[in-house]
């Protein structure tokens, strides 16, 4: 077999020289989807958070949801699949999978826990994967506990260290300059939200809330 060969920078480009090789190359395959059961609550909490972040950060960041993030170009098994993740500065395309050697590591990753997913029971393994991936802030949210449990880890000197959330200021997301909030939800029980203020009076609105707010403003104008 004859193949072009040469130095690679960014993308594979043929060099003027061709060599004959003793076998065909065996490229690594990085899967971009996997069938995983998902509860109705998990789906709705994940989707709501993704839509809020995607709407707020459009043109400023890549916001992914439930897709593989790979950090080792030699090992397709080295991956995580956050429910939501953010990489400021792009990419602004829609890659089927996210490769840190091409785009950099996500600065923020969020996982919505589910008692139906056996993978959620291995917390040590999860933390090790995110540490290896290089995620700066990891948020775990369990909407099925009594008060909606929130936990946050930060990348500190090569380790993921859990925050002490007894200090209200510890719920701040430095990347987004906002605060994580666990809010009661009539349908879901509890949902994970972001707010501009520590008290949660200025929540980042969902698309449905934006529509309702606009309709209310229009109704006020019509009433004058």
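Residue numbers (my numbering): 252 to 475.
Each residue gets a CB set at the ideal place from its N, CA and C atoms; glycine is no exception.
Across which residues does DSSP place residue i in a beta bridge pair?
{"i": "residue 442", "result": "434"}
{"i": "residue 321", "result": "330, 350"}
{"i": "residue 405", "result": "388, 412"}
{"i": "residue 429", "result": "424"}
{"i": "residue 393", "result": "400"}
{"i": "residue 360", "result": "336, 389"}
Between which two residues does the alpha helix (DSSP H) containing residue i stretch?
{"i": "residue 379", "result": "374–384"}
{"i": "residue 463", "result": "458–474"}
Starting from the C-beta of residue i, find all residues in its chain whose C-beta is less than 7 angstroms away, skip the five residues before and the five after it, and write them out in chain order.
{"i": "residue 342", "result": "313, 354"}
{"i": "residue 472", "result": "none"}
{"i": "residue 447", "result": "429, 453"}
Could you check the C-alpha separation between residue i and residue j for me, to the nearest Å?
{"i": "residue 400", "j": "residue 394", "result": "7 angstroms"}
{"i": "residue 436", "j": "residue 429", "result": "20 angstroms"}
{"i": "residue 328", "j": "residue 276", "result": "20 angstroms"}
{"i": "residue 463", "j": "residue 326", "result": "47 angstroms"}
{"i": "residue 226", "j": "residue 303", "result": "Because the chain in this structure spans residues 252 to 475, residue 226 falls outside the shown range and cannot be described."}
{"i": "residue 316", "j": "residue 385", "result": "17 angstroms"}
{"i": "residue 306", "j": "residue 269", "result": "48 angstroms"}
{"i": "residue 323", "j": "residue 332", "result": "14 angstroms"}
{"i": "residue 311", "j": "residue 337", "result": "10 angstroms"}
{"i": "residue 339", "j": "residue 373", "result": "29 angstroms"}
{"i": "residue 414", "j": "residue 295", "result": "26 angstroms"}
{"i": "residue 319", "j": "residue 360", "result": "12 angstroms"}
{"i": "residue 358", "j": "residue 470", "result": "41 angstroms"}
{"i": "residue 309", "j": "residue 344", "result": "11 angstroms"}
The beta strand (DSSP E) that contains residue i, what's its start and end?
{"i": "residue 301", "result": "Element bounds for residue 301: not the beta strand (DSSP E) but the alpha helix (DSSP H), 291–308."}
{"i": "residue 312", "result": "312–315"}
{"i": "residue 343", "result": "It is not in any beta strand (DSSP E) - residue 343 carries neither H nor E in the DSSP assignment."}
{"i": "residue 449", "result": "Element bounds for residue 449: n/a, residue is neither H nor E."}
So, at 8 angstroms on beta carbons, what are the nonlocal neighbours of residue i in its own chain, with the 5 sequence-adjacent residues on each side left out?
{"i": "residue 451", "result": "430, 432, 434, 444"}
Leaving out five residues on either side along the sequence, give the residues of the same chain with a beta carbon under 6 angstroms from the beta carbon of residue i.
{"i": "residue 293", "result": "363, 365"}
Exercise. For the 8 angstroms Cβ check, are there 3 or more pairs between the stretch 335–354 and the stretch 372–379?
Worked result: The stretch 335–354 vs the stretch 372–379: no contact.
Exercise. Quick check: the stretch 418–426 against the stretch 296–304, are there 3 or more CB pairs under 8 angstroms?
Worked result: The stretch 418–426, when compared against the stretch 296–304, does not touch it at the 8 angstroms Cβ threshold.
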